[in-house]
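Read top to bottom, the protein sequences are chains A and B.
Anchor point for the first sequence: position 369 equals 369 in this note's numbering, and the numbering is continuous, going up by one each time.
Basically this note's numbering = 1-based index in the second sequence + 459.
Just so you know, even glycine gets a beta-carbon here, dropped at the ideal spot from N, CA and C.
The structure presented is a predicted model; accordingly, all values stated were derived computationally and were not measured.
Down below is the structure, laid out as structure tokens.
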Amino acid sequence: MSTTKGSQVHAHKADIFCKDETKVDWHSKALWFVREKRDRAAGSIPEWEEIRELGSQVKTHALSHLGHYLEEFEKNCLANGIQVHWARDGEEHNQIAHSILAKHKVKKLVKSKSMLTEECHMNPYLEKRGIEVIDTDLGERIIQLAEQPPSHIVLPAIHMKKEEVGELFAEKIGSEKGASDPTYLTRAARAHLREHFLTADAAMTGVNMAVASTGSIVVCTNEGNADMGVNLPKLQLHSMGIDKIVPNMDGASVLLRMLARNATGQPITTYSSFYRGPQHDGEMHVIIVDRGRTDMLKDKIIGESLKCIRCGGCLNTCPVYRRSGGHSYNYTIPGPIGIAVGAQDDDTNSIPWACTLCGSCTSVCPTKVPLDQIIFRHRRLKAESGQLPYGKSSYMPLVGKFMASETMLNCSMGVARTALRILPGSLMKPFSGAWGKYRELPAGASSSFEAWYKKNRSN
Amino acid sequence: MKIALFIPCLVNQMVPEVAIATLELLEKLGHEVVLPKGQTCCGQPMTNSGCFDEAKKTTLKLLNAFKGVECDAIVCPAASCLVAAKENFHEFDNSIEAQKVIDKLYELTEFLHDVAPIESFTRAFPHKISLQLSCHGIRMLDLASPSEEMGPKYNKMEAILERIKGIEIVYPERKDECCGFGGTFALDEGSVSGKMGKDKAYYHAATGAAYAVGFDPSCLLHLDGTIRKQKLPIETRHIAQIINAAL
């Protein structure tokens, strides 16, 4: 493993995050608080588990008839006066977006949250070509000003404390120095963003759902920033992955009942807007992106990750994510769903192992994406293609042989038990590696159970 | 009933007292208990690392140890190993003999709750215990309803233990959050695993319980190491040890 890659592996980045234990505790607690809010919101609906099952079925059905519904969606969009574009990958998506914006001589684009444009690295692409991109979601604007990637898919700046945001705003948008009151900072951001809304030439949003039967798209925000953006300039763009399709409004309603509840514990997002056509004299474009999704569908288990509705519930519950932070995953999307959809692109080959396989993500998921099974599957695929991290490719064959041999296992474990019993801890520590750094060594039993059984039970 | 014990390598080598308690309690309940020879590792450290080829030999050896053993049930006092054994036996051998073994596999708590319930306990256990709800036991073996799910609530460990006189059962904060052991995760991801273990140990200790009690010896071993490192006033016990003490 090269040093560059070594410093990028999840465990290494997690080590750095864990150095400030107070911050880890704060991060873990803040997200667990959201998980608890989610529990209360989900628990308030008696039929929650039935809706989860329904949600899973809606997505499974849509994905297994993907071609049909995408074509229906396109047809209905066209009838509504919406222009539809198809992009094979991120590069094509960015080219399409740029060509639309260039044609209208757009200088400034206001954008509401879209994980897809993050995946495609669209902002730097447009900025290089002279278009200013302003993220208008408060969290997104914070990290854009801080020149950082998001660390969470719903709460992109959750890794930053209000004091850090205060310092950043003082430097970048002229708020009062030393101010960290959230209301004050939010107002400062609001005034700053309002200027951009009023001077933007075009707006772009992500898409939460694309309704095939009506040719409309659904965009959910709490801040109203998507609507403020889309309703001001005459040109609006919406980027969506092919997995966002739902057959009809009933399907969309099922997912809407769960999205905000599972994301933040709210009954519904403050704004859940259905866009089904351009403004008067305006243009509305939808860019439909594949970016590896069709390939994912070829694997039965991994394909299930496309059922995800990006609520972020799996991040909030993940005990590893909460203690390693969103920047430790070597992918734009962190946490369990980030591993599920990003492992194939992970050149450090370490993110599938940033997981204890506890399964909490799978149980919390509103559309029943079997995240732990998907992560388990990625490990197997990585191993089969010789891409194992942490020296596993050299030691695992030895472990396999060792564990299969009773003689070897008994002899060496006998020696280890004796050593643990008679040698002082200080002498054993250097041999115990990561175990001994965080835990005391086991006491060391005097014999194995097998030996005890032979002595006490065999007649 | 005639019971064959499945004692995973970690229990056999590191915590034989858990196996002894399991054997003794099953005998006290009137079962005939045998220990089939030639048991090896279930293959979990390898399959959880993605290394299926490396797991095959030891898994099949373990499976062979149970093939042809005359018994009504195969009982294991380690939830995670049991889940791995079930899955790996299935992965590497799809014969009828293998299926016969798989059908008889039970985790101890599951066996004592679903198959052969304990009629009554004879001795009191006048202590406060904090239950350790390990992940694979609850989310893959249904030993308790996971906190994420909103369906009916149940907990097989509590249902068994609450009938012991004098026992007081409590739960740590974030009651079924993972303890951070995760097999090789504990070594690959030392900082995160260590921090998860530390948090879990503190939550158990904060209940004021004398013992943190669970059904998964690997999680308990990791917790025990963390508790002693942090010098917390609590000890770990396996559910078999509590039941055995109360029979």
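So within the region 73-141 of chain A, which uninterrupted alpha helix (DSSP H) runs reach at least 4 residues, ignoring any that extend past its ends? The DSSP assignment places 90-103, 115-119 and 122-128 as complete runs of the alpha helix (DSSP H) inside the region 73-141 of chain A, in order along the chain (cut-off: 4 residues).
Confirm, please, whether the CB-CB distance from His27 of chain A to Gly251 of chain A is below 8 Å. The answer is no: Cβ separation not under 8 Å.
Which complete beta strand (DSSP E) runs does the region 605-689 of chain B hold, if anything under 3 residues is left out? Taking 3 residues as the minimum length, the beta strand (DSSP E) runs contained wholly in the region 605-689 of chain B are 627-629 and 670-673, in order along the chain.
Simplified DSSP state of Ser239 of chain A, which is helix, strand or coil: In the structure shown, Ser239 of chain A sits in a strand (DSSP, three-state: E or B).
Please list, in chain order, the chain B residues whose beta carbon lies closer than 9 Å to that of Ala445 of chain A. Close partners of Ala445 of chain A in chain B (Cβ separation under 9 Å): Gln472, Met473, Val474, Pro475 and Glu476.
So within the region 38-76 of chain A, which uninterrupted alpha helix (DSSP H) runs reach at least 4 residues, ignoring any that extend past its ends? Assignment of alpha helix (DSSP H) within the region 38-76 of chain A, counting only whole runs of 4 or more residues, yields 48-64 in chain order.
Contact criterion: CB-CB distance below 8 Å. Does Met460 of chain B meet it with respect to chain A? Cβ-Cβ to chain A under 8 Å: no for Met460 of chain B.
Quick check: what's the CA-CA separation for Ser508 of chain B versus Ile686 of chain B? Roughly 27 Å separates the two Cα atoms.
Using a Cβ-Cβ cutoff of less than 6 Å, which residues in the same chain neighbour Pro536 of chain B once the five nearest sequence positions on both sides are dropped? For Pro536 of chain B, where only same-chain residues beyond five positions count, the Cβ hits under 6 Å are Val477, Thr481, Leu567 and Ala699.
Segment limits, alpha helix (DSSP H) that includes Thr348 of chain A: Unbroken run through Thr348 of chain A: none, as it is neither H nor E.
Since I believe Ala538 of chain B is in contact with Ser593 of chain B (beta carbons under 8 Å), could you give me their beta-carbon distance rounded to a whole number of angstroms? The beta-carbon distance between Ser593 of chain B and Ala538 of chain B, rounded to whole angstroms, is 6 Å. This is short enough to meet the 8 Å contact definition.
Nearest chain B C-beta to Thr348 of chain A closer than 8 Å, yes or no? No, Thr348 of chain A does not count as interfacial toward chain B.
DSSP state of Gln700 of chain B mapped onto helix, strand, coil: Helix.
Excluding the 5 residues preceding and the 5 following Gly433 of chain A in the sequence, name in chain order all residues of the same chain whose CB lies nearer than 7 Å to its CB. Non-local C-beta neighbours of Gly433 of chain A in its own chain, meaning closer than 7 Å and more than five positions away in sequence, are absent.
Suppose the cutoff is 7 Å on Cβ atoms and the five residues either side in sequence are ignored; what does the same chain contact list for Asp552 of chain B look like? The answer, listed in chain order, is Leu519 and Leu522.
Considering only the alpha carbon of each residue, which of A:Gly391, A:Pro156 and A:Ser216 lies closest to Gly335 of chain A? From the listed residues A:Gly391, A:Pro156 and A:Ser216, the smallest Cα separation to Gly335 of chain A is found for A:Pro156.
Same chain only: Cβ atoms within 8 Å of Cys18 of chain A, ignoring 5 sequence neighbours per side: Same-chain partners within the cutoff: Val24, Arg323 and Ser324.
Specify, as a first and last residue, the run of the alpha helix (DSSP H) that His285 of chain A falls within. Element bounds for His285 of chain A: not the alpha helix (DSSP H) but the beta strand (DSSP E), Glu283 to Val289.
Determine whether the Cβ of Met655 of chain B lies closer than 8 Å to any Cβ atom of chain A. Yes, its Cβ sits closer than 8 Å to a Cβ of chain A.
Kindly list, in the order they appear in chain A, the residues whose Cβ is closer than 8 Å to that of Ser508 of chain B. Under the 8 Å cutoff, chain A gives Trp353, Arg379, Ala383, Leu388, Lys392 and Met396.
Environment of Phe511 of chain B [buried if 16+ CB atoms lie within 10 Å]: By the beta-carbon neighbour count (other beta carbons within 10 angstroms, threshold 16), Phe511 of chain B is buried.
Can you name the start and end residues of the alpha helix (DSSP H) that Cys594 of chain B belongs to? Counting along the chain, the unbroken alpha helix (DSSP H) around Cys594 of chain B starts and ends at Cys594 to Arg598.
How about Lys103 of chain A and Thr199 of chain A: do their beta carbons lie closer than 8 Å? Contact flag unset, no.
Can you give me the start and stop residues for the alpha helix (DSSP H) that Thr221 of chain A sits inside? Following the DSSP letters along the chain, one finds Thr221 of chain A in no alpha helix (DSSP H) but inside the beta strand (DSSP E) bounded by residues Ser216 to Thr221.
I'd like to know whether the C-beta of Ile702 of chain B is nearer than 8 Å to at least one C-beta of chain A. Residue contact check for Ile702 of chain B against chain A: no CB pair falls below 8 Å.
Could you check whether His98 of chain A and Arg52 of chain A sit closer than 8 Å to each other, using their CB atoms as the reference points? Not a contact, by the Cβ cut-off of 8 Å.
Identify which residue in A:Met413, A:Pro442, A:Cys411 and A:Val110 has its Cα closest to the Cα of Pro424 of chain A. Looking only at A:Met413, A:Pro442, A:Cys411 and A:Val110, the smallest Cα-Cα distance to Pro424 of chain A is reached by A:Pro442.
DSSP beta-bridge partners for Lys587 of chain B? DSSP, once it has assigned bridges, lists B:Glu627 as partnering Lys587 of chain B.
Give me the Cα-Cα distance between Thr367 of chain A and Gly596 of chain B, rounded to the nearest whole angstrom. For Thr367 of chain A and Gly596 of chain B, the gap between their C-alpha atoms comes out near 23 Å.
Between B:Glu621, B:Tyr565 and B:Ser677, which has its C-alpha nearest Ile701 of chain B's C-alpha? The candidate whose alpha carbon is nearest that of Ile701 of chain B is B:Glu621.
Status (buried if at least 16 other CB within 10 Å, exposed otherwise) for Leu315 of chain A: Around the beta carbon of Leu315 of chain A, 16 or more other beta carbons sit within 10 angstroms, so the residue counts as buried.
Option nearest Ser360 of chain A by Cα separation, candidates A:Gly342, A:Ser180 and A:Tyr321: Nearest C-alpha to Ser360 of chain A: A:Tyr321.
With Cys314 of chain A as the anchor, note down where its alpha helix (DSSP H) starts and where it stops. Run containing Cys314 of chain A: Gly313 to Thr317, per the alpha helix (DSSP H) assignment.
For Ser2 of chain A, name the three-state secondary structure that DSSP assigns. Model confidence at Ser2 of chain A stands at a pLDDT of 41, short of 50, so the residue's coordinates are unreliable; what they give is reported in the following sentence. The answer is coil: DSSP assigns Ser2 of chain A none of H, G, I, E or B.
Any C-beta of chain A sitting closer than 8 Å to the C-beta of Phe551 of chain B? Not closer than 8 Å to any Cβ of chain A, the Cβ of Phe551 of chain B fails to qualify, so no.
So, is Gly178 of chain A buried or exposed, given that buried needs 16 or more other C-beta atoms within 10 angstroms? Gly178 of chain A should be labelled exposed.
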